[in-house]
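The structure under discussion appears below in the form of structure tokens.
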Amino acid sequence: MPDKIAIPRTLYWDDNALTILDQTALPERVSYEKQTGIKQVWESIHALKVRGAPAIGVAAAYGALTGLFANLALPVNEFRELFIEQANYINTSRPTAVNLSRSINIMATLAKSSKATSAKQLYDELVACAKTIHNEDIEMCRKIGEVGAPLIKDNCTIHTHCNAGALATSGIGTALAPMYVAHENGIKFKVYADETRPLLQGGRLTAWELHQSGIDVALICDNMVADVFSRGKVNLSIVGCDRVAANGDTANKIGTLGVAIIAKRYNVPFYVACPSSTIDFNIASGAEIPIEERDGHEISKLFNTYNPAFDVTPNELITGFITEKGTIMPPFAVNLKLLRH
Ligand code: MRU
94 MPDKIAIPRT LYWDDNALTI LDQTALPERV SYEKQTGIKQ VWESIHALKV
144 RGAPAIGVAA AYGALTGLFA NLALPVNEFR ELFIEQANYI NTSRPTAVNL
194 SRSINIMATL AKSSKATSAK QLYDELVACA KTIHNEDIEM CRKIGEVGAP
244 LIKDNCTIHT HCNAGALATS GIGTALAPMY VAHENGIKFK VYADETRPLL
294 QGGRLTAWEL HQSGIDVALI CDNMVADVFS RGKVNLSIVG CDRVAANGDT
344 ANKIGTLGVA IIAKRYNVPF YVACPSSTID FNIASGAEIP IEERDGHEIS
394 KLFNTYNPAF DVTPNELITG FITEKGTIMP PFAVNLKLLR H
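Mapped onto our numbering, the consecutive letters of the sequence shown carry residue numbers 94 to 434.
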């Protein structure tokens with residue numbers, strides 16, 4: 094639960110079920126949806142009812158357990174197989190954010206190695222593991238906020254893209270975490286949130302959650318970023334990420350690459366905020382990051398469309414990574430290794 098900010102929680106585990114805040118209804122409606130079937134969980138992640146890399150990592154961990162409470166009478170090995178089948182299925186719901194497959198891998202590894210002698214014992218171990226993933230996310234967000242807050246000086250202006258805030262995590266966000274901590278510390282600043290077409294995560298979610306928290310936020314259209322940066326109106330851009338390759342190339346919401354190019358052109362520092370778990374050391378460069386392609390109807394019902402959901406920003410356009418373990422500066426191929434677990 095975000096501390097000291099007025100945002101409804103993104104998800105919770107209660108009564109042996111995952112409940113999510115339906116983000117497709119925001120900001121008009123704050124409504125929660127209990128997940129009662131595994132297909133429903135898959136759809137909720139795929140349809141972005143729950144979204145943002147860290148939040149889908151947590152949702153996947155709990156979500157893979159959906160309905161299993163009703164199967165505790167099964168022999169432990171059958172129960173294990175059922176869980177692994179569900180986990181593998183949830184793993185196919187979205188491809189780009191490494192947090193999802195990371196959570197599933199942690200849970201599946203536990204299921205395979207557990208010495209539990211009953212389904213109930215294995216179930217309890219898996220629930221505890223999902224809760225640990227959840228709590229770690231909350232802690233990471235707070236630490237990222239504390240590491241990044243000193244970048245935010247009194248009266249400065251910050252730009253952000255998409256939503257990497259409380260709604261994208263179970264804590265105070267990643268890109269927005271330094272803003273929440275600076276705000277708590279009494280620093281005065283302004284945020285430009287771009288709309289983030291086609292699904293408007295910036296307009297519907299970032300602007301809403303910053304406004305709810307009493308932070309001065311102005312919404313701009315995506316095509317205004319260059320103009321706003323060119324007029325010297327922005328001191329700093331901070332974005333989130335879905336997967337960082339070992340060389341620092343970074344996948345984030347479509348449009349991030351454009352922002353990074355504009356930031357370079359106008360000498361605006363461009364930071365990526367991320368938990369170290371978002372770095373995929375198995376991938377050498379951004380060329381290997383799987384980019385989700387979504388239904389063209391999200392753009393238009395009338396024309397042929399091309400609708401990639403993420404892009405990759407080459408490492409040379411990134412000023413630094415704000416992580417829970419400190420800020421990492423270039424050369425990234427060397428310095429990101431400091432974050433290896
Ligand atoms: O498609 P979405 O809304 O899940 O995309 C979210 C983003 O691109 C975020 O910037 C990223 O996941 C980081 S969230 C802390």
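Where a beta carbon is used, it is the ideal one built from N, C-alpha and C, also for glycine.
- If you look at residue 329, you'll find it in the beta strand (DSSP E) that goes 329-332.
- Burial is judged here by how many other beta carbons sit within 10 angstroms of a residue's own beta carbon; residue 123 has fewer than 16 and is exposed.
- The shortest CA-to-CA distance from residue 274 to any of 258, 285, 289, 286 is the one to 258.
- Counting along the chain, residue 155 sits inside the alpha helix (DSSP H) bounded by residues 146-156.
- In the structure shown, residue 425 adopts helical secondary structure according to DSSP, grouped into three states.
- DSSP places residue 183 within a helical segment (H, G or I) once states are collapsed to three.
- Remark: the shortest separation between the CB of residue 299 and any heavy atom of ligand 1 does not fall under 7 Å.
- With respect to the 8 Å criterion, residue 332 and residue 345 are classified as neighbours on the basis of their beta carbons.
- Here residue 367 is buried. Its C-beta has 16 or more other C-beta atoms within 10 Å.
- A check of alpha carbon separations from residue 279 across 242, 373, 292, 209 identifies 242 as the nearest.
- DSSP, reduced to helix, strand and coil, places residue 345 within a strand of the structure shown.
- Residue 113: member of the beta strand (DSSP E) spanning 110-114, first to last residue.
- When distances are taken from the beta-carbon of residue 337 to the heavy atoms of ligand 1, even the shortest one reaches 7 Å or more.
- In the structure shown, residue 126 adopts extended strand secondary structure according to DSSP, grouped into three states.
- C-alpha of residue 238 to C-alpha of residue 147: approximately 15 Å in a straight line.
- Taking the Cβ of residue 120 as the reference point, every heavy atom of ligand 1 lies at 7 Å or farther away.
- The beta-carbon separation of residue 157 and residue 176, rounded to 7 Å, stays under the 8 Å limit for a contact.
- Proximity of the beta carbon of residue 103 to ligand 1 is not indicated: no heavy atom of the ligand is located closer than 7 Å.
- For the 8 Å CB-CB criterion, residue 254 and residue 337 do not form a contact.
- For residue 318, the uninterrupted alpha helix (DSSP H) run begins and ends at 318-323, by DSSP.
- Apart from sequence neighbours up to five positions away, the residues of its chain that approach residue 322 with a beta-carbon distance below 7 Å are 355, 356, 359, 361, ordered along the chain.
- When distances are taken from the beta-carbon of residue 179 to the heavy atoms of ligand 1, even the shortest one reaches 7 Å or more.
- Within the DSSP bridge table, the entry for residue 284 names 251, 310 as partners.
- With a threshold of 7 Å, the Cβ atom of residue 346 counts as near ligand 1, since some heavy atom of the ligand is closer than that.
- In this structure, the CA atom of residue 263 is about 6 Å from the CA atom of residue 103.
- Rounded to whole angstroms, residue 312 and residue 285 show a C-alpha spacing of 6 Å.
- A direct Cα-to-Cα measurement between residue 348 and residue 186 gives close to 22 Å.
- The bridge partners DSSP lists for residue 401 are 386.
- In the structure shown, the three-state DSSP call for residue 371 is helix.
- With contacts defined as CB atoms closer than 8 Å, residue 165 and residue 212 qualify as a contacting pair.
- For residue 195, the secondary structure class from DSSP, reduced to helix, strand or coil, is helix.
- Counting only residues of its own chain and dropping the five nearest sequence neighbours on each side, residue 227 has a CB closer than 6 Å to the CB of 151, 263.
- By the C-beta density criterion, residue 427 is exposed, having fewer than 16 other C-beta atoms within 10 angstroms.
- A Cβ-Cβ contact shorter than 8 Å links residue 110 with residue 127.
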